[in-house]
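Protein chains in written order, with the numbering used here: chain S, 10 to 354; chain W, 33 to 395. Since the structure comes first, as structure tokens, the remarks are kept for the end.
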Ligand code: SF4
């Protein structure tokens, strides 16, 4: 692999106004940081100061660009440090593409990038390098597979996703596969789904289910997210709703979406729960049914202290009058009212 | 069938092989504008993973014959896959090949003849076992036949063996190669069928159902055993009427004779395929059904829906003929029992049933 070689001169050590650099949005064109927490860095700077000076570049117009050290400058700003000693390069000492590589390699040497940061790096690289070269040379450095599809997906994510979703991705609150589904839908629907999901304070798995189910229903019913989720608003989220607590509300929303996406499986689960609920099972016993009727059997779980107590519990189960009505899971599933065909487009 | 092949790429070292030479001759005749280059010369080729523009002729380094990858949870037919190539010039929305990321383009293994020696040695070493061999798992068996001549190459080898059959499964009408062979022994020409709506809306690049059935009729008339595969069956509004139209067409075009088997399989897929389908085929309806996760990680229709699909197809196919060798592809024993009225119990049971069909048709 042929890598560009940069021999970085020392630059000039200068005291730079933190506020001036940070207030100029053009100064952040090499930025590769997203969704970070400054607390540890602030503690470190408050204790020993900035050990490694930020690298800055003075462009042709005399403006300062941050090559490395954006977080250090932000932390300094929050600590009310007005000036920070930095290594400053003139535009003819450090070309923009070289500045980007300096930023990349410095970051790579001290930390791993989160998903959004990887996307930022790829976007920055695309200003200077062709797609083939980025895929071949830089994607492996970021731990990404050398695939055109992945490259395009990261760029699209960086460009398209809203800030809250990017933050959730960067902080591991939603998975990449969830974001990928969000990329499939129109901007408005994406906003609505993101907003709705954030309001429910979903965990990582719930987020995935929520997005997956909503987008499935949008496709099946050929309706935008606003219409699909509107029904939830009415049914579950109106102010008069008795469900006040968020986790319960999240579950209620997911169950509602599941029952729409899987009407027959949901009806089966409901029926079988009702039937099993009528059995008078002894304490310490429960019957687990195959959730989607995929497995052909139920499972009985009984806890017991000794032989006689097991016998007693098993006898009680064996004599339960409901037992005869419990049929093969598949037969139970077939017997649930056939709710008709799935709507198509 | 119209190919979108613009580049042929031959692995260096294979350009002198008779297989590659024949393919190059056919390309020059059928696709005069296509560029032909050797493998060290690939710079100009696009590496789009879904590209159907590039046909690679390369050497396959692995074993050519492998058992069909079944799962322990389902009853598998015990088929052997002869790996002649991967990728397909057609573009069915539901095609599982779309999730094979690392192999862009159409890949044909030009060292098949040397690989066959090993395969035939294995078949000959087990004279008491019946090898049901097919090439249509990672590609369509005949889609590239006018270029690479698989049928003419393979048929003579399998026709001369008493313990093997070769099934060439397709959605095309490329039967010329097979018909030009002077033997029909132990060869099964088979077609994937679907409802007219699914065939026209989801099976991009495939020929119409009528043309498939006309091709089957020609093969039947020429003495070939024939097979059909209703796979994947898709559940959508109006599916019953639609599948009946296909069965009507079968009845109009064909006699239910020398049909070795008809398989039924419902749409199943790894979850990652859903996104690919939606992205590549935004108008597709195949992912709309009520799919639930199975123990093998694949999504399948909720069981009662599968039973409904199979029972309906079985009922109507059996009206056409009671002797069609109907079987289910990758299904659970309880689904078999409920929809087919019998249950092979396990993969050995289904293999025995299909072996019996082979004996019945070929002796
Ligand atoms: S014909 Fe078969 S191999 Fe070809 S695209 Fe369709 S499903 Fe895939």
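Each residue gets a CB set at the ideal place from its N, CA and C atoms; glycine is no exception. Here the structure is a predicted model, which means the values were calculated and not measured.
C-alpha distance - residue i paired with residue j, whole-angstrom precision
i: residue 35 of chain W; j: residue 121 of chain W; result: 7 Å
i: residue 359 of chain W; j: residue 301 of chain S; result: 24 Å
i: residue 196 of chain S; j: residue 265 of chain W; result: 34 Å
i: residue 145 of chain S; j: residue 285 of chain S; result: 58 Å
i: residue 202 of chain S; j: residue 183 of chain S; result: 13 Å
i: residue 350 of chain S; j: residue 342 of chain W; result: Low confidence applies to residue 350 of chain S: its pLDDT is 44, below 50, so where it sits in the model is not reliable, and the reading given next is rough at best. Whole-angstrom Cα-Cα distance: 15 Å.
i: residue 320 of chain S; j: residue 309 of chain S; result: 14 Å
i: residue 391 of chain W; j: residue 225 of chain W; result: 25 Å
i: residue 352 of chain S; j: residue 269 of chain W; result: Low confidence applies here, because residue 352 of chain S scores a pLDDT of 38, under 50, leaving its location unreliable; read the following figure in that light. When rounded, the distance between both Cα atoms is 6 Å.
i: residue 318 of chain W; j: residue 271 of chain W; result: 12 Å
i: residue 249 of chain S; j: residue 161 of chain S; result: Here the model assigns residue 249 of chain S a pLDDT of 42, short of 50, so the residue's position is not dependable, and the following value carries that caveat. Roughly 45 Å between the two C-alpha positions.
i: residue 218 of chain S; j: residue 224 of chain S; result: 10 Å
i: residue 393 of chain W; j: residue 259 of chain W; result: 11 Å
i: residue 24 of chain S; j: residue 90 of chain S; result: 11 Å
i: residue 156 of chain S; j: residue 352 of chain W; result: 49 Å
i: residue 174 of chain W; j: residue 108 of chain S; result: 55 Å
i: residue 65 of chain W; j: residue 172 of chain W; result: 24 Å
i: residue 190 of chain S; j: residue 152 of chain S; result: 22 Å
i: residue 2 of chain W; j: residue 326 of chain S; result: Lying before the first or after the last residue shown, residue 2 of chain W is absent from chain W, which here runs from 33 to 395.
i: residue 329 of chain S; j: residue 335 of chain S; result: 11 Å
i: residue 220 of chain W; j: residue 292 of chain W; result: 8 Å
i: residue 126 of chain S; j: residue 316 of chain W; result: 34 Å
i: residue 114 of chain S; j: residue 180 of chain S; result: 22 Å
i: residue 334 of chain W; j: residue 303 of chain S; result: 8 Å
i: residue 375 of chain W; j: residue 99 of chain W; result: 22 Å
Host alpha helix (DSSP H) of residue i (start-end)
i: residue 21 of chain S; result: Note, residue 21 of chain S: premise wrong, no alpha helix (DSSP H); beta strand (DSSP E) at 21-26.
i: residue 231 of chain W; result: 228-234
i: residue 285 of chain S; result: 272-286
i: residue 79 of chain S; result: 79-87
i: residue 67 of chain W; result: That residue, residue 67 of chain W, is in no alpha helix (DSSP H); its beta strand (DSSP E) goes 67-70.
i: residue 359 of chain W; result: That residue, residue 359 of chain W, is in no alpha helix (DSSP H); its beta strand (DSSP E) goes 358-360.
i: residue 385 of chain W; result: 379-394
i: residue 309 of chain W; result: 303-312
i: residue 106 of chain S; result: 105-119
i: residue 165 of chain W; result: Here residue 165 of chain W belongs to no alpha helix (DSSP H); instead the beta strand (DSSP E) covers 163-166.
i: residue 174 of chain S; result: 172-179
i: residue 163 of chain S; result: 157-169
i: residue 108 of chain W; result: Element bounds for residue 108 of chain W: n/a, residue is neither H nor E.
i: residue 204 of chain S; result: 196-209
The beta strand (DSSP E) enclosing residue i, as first and last residue numbers
i: residue 201 of chain W; result: 196-202
i: residue 294 of chain S; result: 294-297
i: residue 227 of chain S; result: Run containing residue 227 of chain S: none in the beta strand (DSSP E); it sits in the alpha helix (DSSP H), 213-230.
i: residue 331 of chain W; result: 331-333
i: residue 190 of chain W; result: Where residue 190 of chain W is concerned, there is no enclosing beta strand (DSSP E), although the alpha helix (DSSP H) it sits in stretches over 182-191.
i: residue 41 of chain W; result: 39-42
Strand pairing of residue i, partner residues [DSSP]
i: residue 260 of chain W; result: W:223 and W:294
i: residue 171 of chain W; result: DSSP, once it has assigned bridges, lists no residue as partnering residue 171 of chain W.
i: residue 310 of chain S; result: S:295
i: residue 139 of chain W; result: W:88 and W:118
i: residue 66 of chain S; result: S:74 and S:98
i: residue 98 of chain W; result: W:113
i: residue 323 of chain W; result: W:333
i: residue 92 of chain S; result: S:26
i: residue 408 of chain W; result: The structure shown does not extend to residue 408 of chain W, since chain W is modelled only from 33 to 395, so the question has no answer here.
i: residue 363 of chain W; result: W:107
Contact list for residue i against chain C, beta-carbon separation under 8 Å
i: residue 364 of chain W; result: In the displayed structure, chain C is absent; the protein chains listed are S and W.
**Q.** Interface residues of the stretch 334-357 of chain W facing chain S [CB-CB below 9 Å]
**A.** 334, 335, 336, 337, 339 and 340
Q: Answer yes if the stretch 139-146 of chain W comes into contact with the stretch 98-110 of chain W, meaning at least three C-beta pairs across the two stretches below 8 Å, and no otherwise.
A: no
Q: Determine contact between the stretch 149-169 of chain W and the stretch 344-364 of chain W, defined as no fewer than three beta-carbon pairs at a distance below 8 Å.
A: no
Q) Which residues, in order along the stretch 256-283 of chain S, keep a beta-carbon less than 9 Å from a beta-carbon of chain W? A) Flagged, chain order: 270, 271, 272, 273, 274 and 277.
(Q) So, does the stretch 210-223 of chain W touch the stretch 177-186 of chain W, judging by three or more C-beta pairs under 8 Å? (A) yes
Q: Using a Cβ-Cβ cut-off of less than 7 Å, give me the residues of the stretch 27-46 of chain S that come near chain W, in sequence order.
A: none
Q.
Tell me which residues of the stretch 312-335 of chain W have at least one Cβ-Cβ distance to chain S shorter than 8 Å, keeping chain order.
A. Within the stretch 312-335 of chain W, the residues whose Cβ lies closer than 8 Å to any Cβ of chain S are, in chain order, 315, 317, 319, 320, 321, 322, 324, 325, 326, 327, 332, 334 and 335.
Q: Determine contact between the stretch 56-70 of chain W and the stretch 191-208 of chain W, defined as no fewer than three beta-carbon pairs at a distance below 8 Å.
A: no
Q: Examine the Cβ distances between the stretch 263-273 of chain S and the stretch 288-297 of chain S and report whether three or more of them are shorter than 8 Å.
A: no
Q. Can we say the stretch 231-242 of chain S touches the stretch 343-350 of chain W, given the rule of at least three CB pairs closer than 8 Å?
A. no
Q) Which residues, taken in chain order from the stretch 365-386 of chain W, show a beta carbon closer than 8 Å to some beta carbon of chain S? A) 365, 366, 367 and 370
Q: Determine, using beta-carbon pairs with one atom in the stretch 217-231 of chain W and one in the stretch 272-283 of chain W, whether at least three such pairs fall under 8 Å.
A: yes
Q: Could you tell me whether the stretch 241-255 of chain W touches the stretch 304-313 of chain W, where touching means 3 or more Cβ pairs closer than 8 Å?
A: no
Q. Which of the residues in the stretch 198-229 of chain S, read from start to end, lie with their CB under 7 Å from any CB of chain W?
A. 228 and 229
Q) Taking contact to mean at least 3 C-beta pairs separated by less than 8 Å, is the stretch 310-319 of chain S in contact with the stretch 271-281 of chain S? A) no
Q) Quick one, which residues of the stretch 321-345 of chain S are near chain W if we go by CB-CB under 7 Å, in chain order? A) 337, 339, 342 and 343
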